[in-house]
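Enquirer: Sharing a structure here in structure tokens format.
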Amino acid sequence: MKPFKLASRSDTNKDTLVAIPMPERTLFIGQGYCTIIAGPCAVEGRDSYLETALFLKNIGAHILRGGIFKPRTSPYSFKGLGREGLAIMVEARDLTGLPLVSEIMDVRDLDYLYEEVDILQVGSRNMQNFTLLEELGKLKKPVLLKRGLSATIEEWLLAAEYILNGGNPNVILCERGIRTFETYTRNTVDIGAVPLIKHLSHLPILVDPSHATGKWKMVVPVAKAAIAAGADGVMVEVHPDPDRALSDGKQSLTPDNFRKLYEEIEKLAALDNKVIL
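Shown next as structure tokens:
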């Protein structure tokens with residue numbers, strides 16, 4: 121018997137379908153839907169975020185991403201706007217009708233993030249923050265669980281198990297690259313994890329090619345590889361001026377490059393009979 125009992129696929133359980141209800145429509149992740157999450161690494165200011173959000177909406181993005189709390193390696197790096205950034209994201213949702221995903225790092229932030237964010241993201245550094253996972257398990261809010269930097273597939277699924285065991289079935293996995301001996305790319309994307317997760321688990325899986333590679337020129341081909349491997353969607357970073365981004369500019373797509381990515385994903389999704397809402 122697999123140690124991740126609730127996350128494990130069996131002969132009887134279907135793929136999990138995670139619903140994100142919005143006033144105008146309900147979005148779905150999993151079960152044949154192809155989801156594109158896009159936005160800047162961090163919310164840097166009102167005007168730039170709203171401009172980017174409108175562009176992404178018009179191209180076809182389904183969910184807006186944006187960091188308001190940034191776990192940075194250096195204490196001197198930009199760590200996000202906090203609640204000010206959250207207010208900007210909420211304004212963007214009101215403007216576009218798109219749901220929001222943002223990272224939670226501390227259980228002390230759960231109350232107000234729960235009220236405002238549509239999908240709570242657990243970043244790679246917090247994949248085994250078991251106190252946080254247990255609290256998220258008490259909710260019904262969708263959780264996007266990123267794979268840890270050096271986590272095995274089993275450790276990743278056991279982290280998901282914490283949330284499922286608490287009673288929250290709305291878990292979305294996200295492969296964002298793992299640390300290996302390779303240094304040319306920021307991380308090493310584990311494309312093989314996609315079909316493996318599909319074999320082992322019923323949970324939907326997305327791929328983040330931005331963090332997986334750290335290089336914007338690699339984002340589109342890796343995103344295409346992810347969809348071809350069976351991923352339920354991708355999560356990419358888009359910035360109106362990547363050279364001036366306060367974080368992760370080197371891996372961020374320009375709006376024009378995001379348009380190209382969307383067109384390529386749309387073609388691949390059609391070949392696999394996936395639905396892009």
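In case it helps, my numbering puts the sequence shown at residues 121 to 397.
Note that CB positions come from ideal geometry on N, CA and C, so glycine has one too.
Roughly how many angstroms lie between the CA atoms of R379 and L147, to the nearest whole one?
Expert: Working through the sequence shown from its first residue, we reach residue 379 at position 259. Working through the sequence shown from its first residue, we reach residue 147 at position 27. Cα to Cα, R379 sits roughly 21 Å from L147.
Enquirer: Determine the burial state of F250: buried for a count of at least 16 other Cβ atoms within 10 Å of its Cβ, exposed for fewer.
Expert: Taking the sequence shown and counting its residues from 1, the one referred to as residue 250 is at position 130. It is exposed - the Cβ of F250 has fewer than 16 other Cβ atoms within 10 Å.
Enquirer: Quick one: is N290 buried, meaning 16 or more other Cβ sit within 10 Å of its Cβ, or exposed?
Expert: Numbered from its first residue, the sequence shown carries residue 290 at position 170. That one is buried.
Enquirer: Could you give the uninterrupted runs of the beta strand (DSSP E) lying entirely in the region 148 to 207, keeping only those of 3 residues or more?
Expert: Entirely contained in the region 148 to 207, the beta strand (DSSP E) runs reaching 3 residues are, in chain order, 155 to 159 and 183 to 185.
Enquirer: CB S367 to CB G187, shorter than 9 Å?
Expert: Locating residue 367 in the sequence shown gives position 247, counting from the first residue. Locating residue 187 in the sequence shown gives position 67, counting from the first residue. Against a cut-off of 9 Å, the Cβ pair of G187 and S367 comes out as a contact.
Enquirer: Using alpha carbons as the reference points, say which of P123, N377 and I325 lies closest to M338.
Expert: Within the sequence shown, residue 338 is the residue found at index 218, counting from 1. Out of P123, N377 and I325, the CA that lies nearest to the CA of M338 is found in N377.
Enquirer: May I ask you to report which of helix, strand or coil DSSP gives T308?
Expert: If you number the sequence shown from 1, residue 308 lands on position 188. Reduced to three states, the DSSP call for T308 is strand.
Enquirer: How is the beta strand (DSSP E) around P407 delimited, first residue to last?
Expert: Within the shown structure, residues of the chain are numbered from 121 to 397, placing residue 407 beyond reach of any answer.
Enquirer: In whole angstroms, what is the alpha-carbon distance linking N288 and T303?
Expert: Numbered from its first residue, the sequence shown carries residue 288 at position 168. Numbered from its first residue, the sequence shown carries residue 303 at position 183. In a straight line, the C-alpha of N288 is about 37 Å away from that of T303.
Enquirer: What is the DSSP secondary structure of G353, counted as helix, strand or coil?
Expert: Reading the sequence shown from its first residue, position 233 is the one you call residue 353. In the structure shown, G353 sits in a strand (DSSP, three-state: E or B).
Enquirer: Tell me the residue span of the beta strand (DSSP E) that contains K380.
Expert: As a first step, residue 380 must be located in the sequence shown, where it is residue number 260. No beta strand (DSSP E) holds K380; the alpha helix (DSSP H) holding it covers P375 to L391.
Enquirer: Reducing DSSP to helix, strand and coil, say where Q241 ends up.
Expert: To locate residue 241, count along the sequence shown from 1; it is residue 121. The answer is strand: DSSP assigns Q241 an E or B state.
Enquirer: Have a look at A362 and L137 and give me their C-alpha separation to the nearest angstrom.
Expert: If you number the sequence shown from 1, residue 362 lands on position 242. If you number the sequence shown from 1, residue 137 lands on position 17. In the sequence as displayed, the identity of residue 362 is Pro instead of Ala. Cα to Cα, P362 sits roughly 34 Å from L137.
Enquirer: Just to confirm before moving on: does the CB-CB distance between A332 and R296 stay below 9 Å?
Expert: By one-based count along the sequence shown, residue 332 stands at place 212. By one-based count along the sequence shown, residue 296 stands at place 176. Contact: yes.
Enquirer: Between the C-alpha atoms of P375 and K177, what's the straight-line distance to the nearest angstrom?
Expert: Taking the first residue of the sequence shown as position 1, residue 375 is located at position 255. Taking the first residue of the sequence shown as position 1, residue 177 is located at position 57. Going by the C-alpha atoms only, they are around 11 Å apart.
Enquirer: According to the Cβ coordinates, are I156 and A181 closer than 9 Å?
Expert: Position 36 of the sequence shown, counting from 1, holds the residue named residue 156. Position 61 of the sequence shown, counting from 1, holds the residue named residue 181. Yes, they are a contact pair.
Enquirer: Whose C-beta lies closer than 6 Å to the C-beta of G205 among residues of the same chain, with five residues either side of it excluded?
Expert: Within the sequence shown, residue 205 is the residue found at index 85, counting from 1. Only residues of its own chain outside the window of five on either side were considered, and among them V163 and I188 have a CB closer than 6 Å to the CB of G205, listed in chain order.
Enquirer: P319: buried (16+ other C-beta within 10 angstroms of its C-beta) or exposed?
Expert: On the sequence shown, position 199 is the one that residue 319 refers to. Note on identity: in this sequence residue 319 is His, with Pro being the wrong assignment. By the Cβ-count criterion, H319 is exposed, with fewer than 16 other Cβ atoms from all chains shown falling within 10 Å of its own Cβ.
Enquirer: Since I believe V242 is in contact with V227 (beta carbons under 8 Å), could you give me their beta-carbon distance rounded to a whole number of angstroms?
Expert: Here residue 227 refers to the residue found at position 107 of the sequence shown. Here residue 242 refers to the residue found at position 122 of the sequence shown. Actually they do not touch by this definition, with Cβ atoms about 11 Å apart.
Enquirer: Tell me the DSSP secondary structure of S222 in three-state form.
Expert: The residue you call residue 222 lines up with position 102 of the sequence shown. If DSSP states are grouped into helix, strand and coil, S222 belongs with the strands.
Enquirer: Taking the alpha helix (DSSP H) that L259 falls in, what are its first and last residues?
Expert: For the purposes of this step, residue 259 is taken as the residue at position 139 of the sequence shown. Element bounds for L259: n/a, residue is neither H nor E.
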